[in-house]
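Following: one structure in structure tokens, then a few remarks.
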Amino acid sequence: MSGEQDKSQQTEDASEKRLEDARKKGQVATSREPSTAISFLILASLSATGLGAWIASRNEQLMKQYLSGQVKVDMTPEGMQTLLIDLSIEIALMVLPIAIPMVLVGMLVIYLVTGPVFTFETLKPKMEKVSPIKGLGRLFSSKSLAEFVKSVTKLSMISFICWYVVSDLFLPAIHSSRKSVDDIVMLMVDGSLAIVGLVAAFFFVIALADVIYQRWEHAKSMKMSMKEVRDEHKESEGDPQLKAKIRQIQMEQAQNRMMADVPKADVVITNPTHFAVALKYDALGGGAPTVVAKGKNEIAQKIKALAKESGVPIRENKLLARSLFKDVQIGHEIPEQLFAAVAVILAEVFKVK
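Its first residue numbered 124, the sequence shown is counted upward by one per residue in this note's numbering.
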């Protein structure tokens, strides 16, 4: 029941991260039908070309040699072994020129359908693969049912195609005993090409339907629940509470560094209650006065208290304090339009010192 409940809660489309993680584990929407369809198409195409004519001619020669008695077969074990080896070589020479392109193109089609997938994850031993309960679950799953229906459909259609082609060739095949070897070979070639061509066309339909189904089934299996979406977002973006705690620590560290510079300031300009800005001026450096600390409300009161403890002069100027707090960052020099107002205060402070 819990598994069904989890499945019912998986209503959200899979994220890119989930799909990428599944691809790394070898879980992709894959289908063997396109490669099978392409293989039959290549078989039909090559059979209809000069290669097919060469194979037919070679078959004809072999049939003439063995049916006419041109080749004397030694019925001893050594002779039968030699005959088997010779026939195997002849068959390999006829089959490999077609089989090799079929395998290569089949691999290429699988690559184009699934994309690049290279992982050892599927080779790792898993207990669920040997679990009888898990095995029964996979046996009666919707995917297994779809594979069963697909297999029955393919077997039925291939049988029907073979029957359809052979039924047309039935009478010519009966009378083939009165014909030459050339006629028998051509009858075999015509029947084979007809069967391969029709099967290739049928497998193209099956391949198209299977690719659509496999992608739909994969997308369905990758769906996520709202909790999984939230957990993934939290994992990728970071825990909001943890990020807030980090920001708080960073602000506290920055505030502590700022407070350490208050005793070094030349003057603290206040609002007087809401803002406090500490300035330092290096006359020998030749630059403008620099804001070394600033704060609002509670922090402003801390700056003022620390300034009193450290003997730093405090001067009240509401407009100037507000402008400095708003326009100048800590560690930056004051803008030119505030030079005059700040110069008056610094001159008075230095005069008192």
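Where a beta carbon is used, it is the ideal one built from N, C-alpha and C, also for glycine.
Quantities reported herein were computed from a predicted structural model and do not represent experimental measurements.
Shortest alpha-carbon distance to valine 400 belongs to which of Val465, Leu210, Val289 and Ala323? Val465
Indicate the three-state DSSP secondary structure (helix, strand or coil) for isoleucine 212 in the structure shown. helix
Limits of the beta strand (DSSP E) - the one that leucine 402 falls within: 398-403
Helix, strand or coil at threonine 413 [DSSP, three-state]: strand
To the nearest angstrom, how far is the alpha carbon of methionine 230 from that of isoleucine 369? 51 Å
Am I right that glutamate 156 and phenylalanine 326 are in contact with their C-beta atoms under 8 Å? What's the rounded C-beta distance? 7 Å
So, helix, strand or coil for methionine 347, using DSSP? strand
When burial is assigned at 16 or more other CB atoms within 10 Å of the CB, is methionine 349 buried or exposed? exposed
I'd like the span of the beta strand (DSSP E) that includes arginine 438, first residue to last. 437-439
Tyrosine 234 classed as buried or exposed, judged by whether at least 16 other C-beta atoms fall within 10 angstroms: exposed
For lysine 476, does the three-state DSSP call read helix, strand or coil? coil
Three CB pairs or more closer than 8 Å across the region 405-412 and the region 437-445: no
What's the gap between the Cα of methionine 311 and the Cα of isoleucine 318? 11 Å
Alpha carbon to alpha carbon, how far is histidine 455 from glutamate 375? 20 Å
Provide the residue(s) that pair with lysine 419 in DSSP beta bridges, ordered along the chain. Phe398
Thinking C-alpha only, which one of Ala411, Val435 and Lys474 is nearest glutamate 459? Ala411
Under the rule that 16 or more other beta-carbon atoms within 10 Å means buried, what is leucine 227, buried or exposed? exposed
So, valine 475 versus proline 436, is the Cβ gap smaller than 9 Å? yes
The beta strand (DSSP E) enclosing isoleucine 392, as first and last residue numbers: 390-393
Sequence-distant residues of the same chain with beta carbon closer than 8 Å to phenylalanine 243, five excluded per side: At phenylalanine 243 the pLDDT is 49, less than 50, meaning the model places this residue with poor confidence and gives no usable figure here.
Buried or exposed, going by whether 16 or more other CB atoms sit within 10 Å of the CB of valine 328? exposed
Residue of Ile426, Lys343 and Phe462 minimising C-alpha distance to threonine 396: Ile426
For phenylalanine 398, which residues of its own chain have a beta-carbon under 7 Å away from its beta-carbon, when the five flanking residues on both sides are left out? Lys419, Ala423, Ala444, Arg445 and Phe448
Determine the burial state of glycine 434: buried for a count of at least 16 other Cβ atoms within 10 Å of its Cβ, exposed for fewer. exposed
To the nearest angstrom, how far is it from the Cα of phenylalanine 271 to the Cα of glutamate 201? 46 Å
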